[in-house]
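Following our numbering, the numbering of the sequence shown begins with 1 at its first residue and continues without gaps. Structure first, commentary second.
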Amino acid sequence: MAQTHHFDAILFDMDGTLVDSTAGVVGAWEVFSQTYPHIDVHDILSSAHGVRTVENLRVHCGITDPDELEREAERFEDAIITSADQDGKSGIVRLPGVEEIMKNLRPGAKFPKPVWAICTSATRKYANAALSAAGIEPPEAFVAAEDVEKGKPAPDPYLLGAKRCGVDPKRCLVVEDAPAGVRSGNTAGCKTLALLTSHTRAQVEAASPTFIAKDLSSVSMTISANGGVDVTIKTE
């Protein structure tokens, strides 16, 4: 069943929503397990998605010094970019449906306010590198890990994303794959669309998203003549 809704702006997560960095993240944790042999990579992968790198390193590696956290976060994200999967391909790839949506959200005409943003738990340096690797041009409105004091599941990233688009969060759609991100969007007052790209249906349902879809190939987005975005969702 398909349903269409209008929003003033779309606020996208990045990893697991626009790009798949699974191979790169696994490779990075394997690299870090050489420095921190006590960590359980399998356990980390089941819970770390959607959480800021510095917070994952604090929890799983026991790093508490702010300067060391910053250095190790940069090293971790560099390792994601340089990691490759078993076939030797890039550790970061664009997810299904993303190319068409990105094309539709970049009209020839300029609008007074941005109609979409990326709100990621990654640092700006890593996010720019990941988007470049996946062939996605960064939007005008962008929120990275260092832009907020509290990361997801706190509402801060999506509240700031709505602010940078110049719109009311209640008129925004958050597009996420991680339960922490869905909770962040819900707490910010946005409608939320959960994609089943990295978690099970039961896991995302527990976060109470407004809508659920397989991935962005089940979603179409077109800019309205007067601004904002019309979103059609084939729900799961």
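For every residue, glycine included, the Cβ atom is placed at its ideal position computed from N, Cα and C. What you are looking at is a predicted structure, and each value in this text was computed from that prediction instead of being measured.
For the alpha helix (DSSP H) that residue i lies in, which residues bound it at each end?
i: M102; result: V98 to N104
i: E176; result: First-last for E176: C172 to E176, but that is the beta strand (DSSP E), not the alpha helix (DSSP H).
i: A129; result: R124 to A134
i: T187; result: P179 to T187
i: H38; result: Premise fails: H38 is in no alpha helix (DSSP H) and is neither H nor E.
i: I80; result: P66 to T82
i: H60; result: T53 to C61
The beta strand (DSSP E) with residue i in it runs from where to where?
i: T197; result: Unbroken run through T197: none, as it is neither H nor E.
i: V219; result: V219 to I223
i: D168; result: Unbroken run through D168: none, as it is neither H nor E.
i: V25; result: No beta strand (DSSP E) contains V25, which is instead part of the alpha helix (DSSP H) from T22 to T35.
i: D230; result: V229 to K234
i: I118; result: W116 to C119
i: F211; result: F211 to A213
i: V143; result: A141 to V143
i: L18; result: No beta strand (DSSP E) holds L18; DSSP gives it neither H nor E.
i: H49; result: Neither: H49 is in no beta strand (DSSP E) and is coded neither H nor E.
i: A9; result: A9 to F12
For residue i, which of the options has the nearest alpha-carbon?
i: F7; options: A23, R171 and S224; result: R171
i: S220; options: V93, V175 and Q34; result: V175
i: Y36; options: A2, P157, F76 and G24; result: F76
i: I80; options: E70, E72, G91 and G181; result: G91
i: E100; options: A194, S217 and A154; result: S217
i: G97; options: F12, H5 and L18; result: L18
i: H199; options: A23, I39, S47 and F12; result: S47
i: A141; options: I223, H42, E72 and K113; result: K113
i: V204; options: L105, S21, H49 and I233; result: H49
i: P169; options: K103, W116, V231 and A207; result: W116
i: A238; options: D65, A180 and A213; result: As displayed, the chain neither begins before 1 nor continues past 236, which places residue 238 out of reach and without an answer.
i: A225; options: L105, T197 and L159; result: L105
i: A23; options: A202, A130 and V231; result: A130
i: T82; options: S21, S33, D65 and V54; result: S21
i: A202; options: S184, T222 and D177; result: D177
i: R52; options: Q34, L11, A127 and V167; result: A127
i: V25; options: V41, Q34 and D156; result: V41
i: T4; options: V31, S208, A206 and L173; result: L173
i: C165; options: S184, S33, I118 and K152; result: I118
i: S132; options: Y158, V93, G161 and H38; result: V93
i: G16; options: R183, P179 and A207; result: P179
Since residue i and residue j should fall inside the 8 Å C-beta cutoff, what is the C-beta to C-beta distance between them, to a whole number of angstroms?
i: L235; j: T210; result: A small correction: the amino acid at residue 235 is Thr; Leu does not occupy that position in the sequence shown. Their Cβ separation, rounded to whole angstroms, is 10 Å, which puts T235 and T210 out of contact at 8 Å.
i: D43; j: G181; result: Actually they do not touch by this definition, with Cβ atoms about 20 Å apart.
i: L57; j: E72; result: 5 Å
i: I233; j: A2; result: 7 Å
i: V229; j: I223; result: 6 Å
Please determine whether the Cβ atom of residue i lies at a distance below 6 Å from any heavy atom of the ligand SAH.
i: G185; result: Annotation note on the ligand SAH: not contained in the displayed structure, which lists no ligands.
message: Measuring CB atoms only, is the segment 136-144 touching the segment 185-203, in the sense that at least three cross pairs come out at less than 8 Å?
response: In short, these stretches do not touch, since the Cβ pair count stays below three.
query: How about the segment 106-125 and the segment 145-158: do they share at least three Cβ pairs that are nearer than 8 Å?
result: Yes, the segment 106-125 touches the segment 145-158.
- prompt: Does the segment 98-109 come within contact of the segment 61-73, defined as at least 3 CB pairs closer than 8 Å?
  reply: Counting Cβ pairs under 8 Å, fewer than three are found: no touch.
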